[in-house]
Amino acid sequence: MSNMEYLKNKPIAILGAGACGKAQAGDCALGGATTRICDLPPFAEKTLFGIKEQGLKFFGEQLNLYGFERSGVAQFDKVTTDVAEAVKGAGIVIVTTPSIGHRPFFEQLVPALEDGMVIHIFPDNYGSLLLRKMMREAGCTKKVIIGGWSSAPFGSRVEIKGGVVLPRVRAYYRAITLRGAALPTIDQADFLESTKYIPSMDGITKGDGVVGGETVMDTGFSNVNPVLHCPGTILGVGVMENWGVIYGENKYDFSIYSHAYCPSISQVQYTLYQEQCKLAAAMGVGIQAFDKRQFFSRENILGPEYMGPDYEIPFDQQDYIQFGTGPHTINNRYITEDIPVGCHVYHELGKKFGVKTPVVDSMINLANAMLETDFYESGYSLEYLGIGHLDKDEMLEYLHEGVYKEKV
Numbered sequence: 001m002s003n004m005e006y007l008k009n010k011p012i013a014i015l016g017a018g019a020c021g022k023a024q025a026g027d028c029a030l031g032g033a034t035t036r037i038c039d040l041p042p043f044a045e046k047t048l049f050g051i052k053e054q055g056l057k058f059f060g061e062q063l064n065l066y067g068f069e070r071s072g073v074a075q076f077d078k079v080t081t082d083v084a085e086a087v088k089g090a091g092i093v094i095v096t097t098p099s100i101g102h103r104p105f106f107e108q109l110v111p112a113l114e115d116g117m118v119i120h121i122f123p124d125n126y127g128s129l130l131l132r133k134m135m136r137e138a139g140c141t142k143k144v145i146i147g148g149w150s151s152a153p154f155g156s157r158v159e160i161k162g163g164v165v166l167p168r169v170r171a172y173y174r175a176i177t178l179r180g181a182a183l184p185t186i187d188q189a190d191f192l193e194s195t196k197y198i199p200s201m202d203g204i205t206k207g208d209g210v211v212g213g214e215t216v217m218d219t220g221f222s223n224v225n226p227v228l229h230c231p232g233t234i235l236g237v238g239v240m241e242n243w244g245v246i247y248g249e250n251k252y253d254f255s256i257y258s259h260a261y262c263p264s265i266s267q268v269q270y271t272l273y274q275e276q277c278k279l280a281a282a283m284g285v286g287i288q289a290f291d292k293r294q295f296f297s298r299e300n301i302l303g304p305e306y307m308g309p310d311y312e313i314p315f316d317q318q319d320y321i322q323f324g325t326g327p328h329t330i331n332n333r334y335i336t337e338d339i340p341v342g343c344h345v346y347h348e349l350g351k352k353f354g355v356k357t358p359v360v361d362s363m364i365n366l367a368n369a370m371l372e373t374d375f376y377e378s379g380y381s382l383e384y385l386g387i388g389h390l391d392k393d394e395m396l397e398y399l400h401e402g403v404y405k406e407k408v
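Note that full-length UniProt numbering gives residue 395 to position 395 of the sequence shown, counting from 1, and the numbers run on in steps of one.
Okay, structure coming up:
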């Protein structure tokens, strides 16, 4: 493992100013790091509103097993819409955008990369594969470390009033452990070590610690969002669309965790997870292990991320911390990201490695019908990620060693 102390006094650049980006930026700044935050037009006009002038209020319950918390008004070294300006001289670059934002940010990031940078993608959602591919296409040979995470360090929501995005972000829980991996895996020790210089990871590094995944495909499978969000939203759509209409007081108090999850949805989620496990085994990569019982509670497999493996809220009890987390419409990232990215990649891998994925496919089919679209057509392909032409051994060599076989 290399000495990563050179990162200690370098700025941290946060790319993306949604809930994840704001939470990471606020926590890093309050934790003592020189922090910059960047978002791109046309979103930046709303997402960066008021931050340069007033700072960013970072607050919330931050529920976690060990009680770690940090709150306050964060001030930033730079608030910008220019990626090159944000990352110049930075040691750590944290990418927090939904997957739809990866390519626009990477197009500006690749020419601005500097030797020694460590890029963390939260959650990875195959962004590490895409960034490495775009570097190859651009002829970029900068010596950087790239990796991604199965989730974000927080559950967070931006405060919005009357359609105005306020410079306030609420963190309602903090993770105490998180699974991450570098591409290639030979960089993993340095990648994980670098988290010691990211204040937004303090709840984890001072908690149960980071866990190294077995390649970035492992972190893709270990992202709990497709398992939690897709069955919960699609099978709970009747509750969601009637909440605040014929029952429930306020439409915006709805949460799939608090109001939709039930034993039957849990069984579907567990079966989808079993399909993921079969895919991981066929590919020769890992996946985060969960016991079946952990799926059958209000928090499902999310709870252990911030309260440990024994945390369970029975279905006959309420989950107040999730109130208002939504989604409030079927046209939400729980579907528009987790179906075309998460589920569709599983579908494509199933075809490539001969693993049947009937539950995954049913999620895609129902989402297609509800949104009158075709996620089979628009979803991430293995070719888009640069791995469609690789056989199993070639893929593993690339994931582990960084040896990439170009398509003939």
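Backbone N, C-alpha and C define an ideal beta-carbon position, used for all residues, glycine too.
The secondary-structure analysis by DSSP pairs residue 38 across a beta bridge with 15, 80.
When DSSP states are grouped into helix, strand and coil, residue 335 belongs to the helix group. Excluding residues up to 5 positions away in sequence, 125, 127, 337, 341 lie with their Cβ nearer than 7 Å to the Cβ of residue 99 in the same chain.
Taking C-beta atoms as the reference points, residue 339 and residue 173 fail to come closer than 8 Å. A straight-line Cα-Cα distance of about 22 Å links residue 208 and residue 26.
Contact annotation: residue 364 and residue 344 have beta-carbon atoms nearer than 8 Å. When the beta-carbon positions are compared, residue 184 and residue 402 come within less than 8 Å of each other. Ranking 178, 360, 13, 67 by CA distance to the CA of residue 211 puts 178 first. Remark: C-beta atoms of residue 145 and residue 131 do not approach each other more closely than 8 Å. The Cβ-Cβ distance between residue 239 and residue 273 does not fall below 8 Å. Judged by DSSP secondary structure, residue 143 falls outside any alpha helix (DSSP H); it is assigned neither H nor E.
In this structure, residue 90 keeps its C-beta atom at 8 Å or more from the C-beta atom of residue 134.
Taken in chain order, the unbroken stretches of alpha helix (DSSP H) that lie wholly in the segment 345 to 388 and span 4 residues or more are 358 to 371, 375 to 378.
Exclusion of the five residues before and after residue 30 leaves 58, 70, 71, 72, 74, 199 as the residues of its chain whose Cβ lies within less than 8 Å of its Cβ. Three or more beta-carbon pairs separated by less than 8 Å link the segment 343 to 360 to the segment 369 to 386, which places the two stretches in contact. DSSP, reduced to helix, strand and coil, places residue 184 outside both helices and strands of the structure shown, so it counts as coil. Looking at the DSSP output, residue 173 shares a beta bridge with 63, 155.
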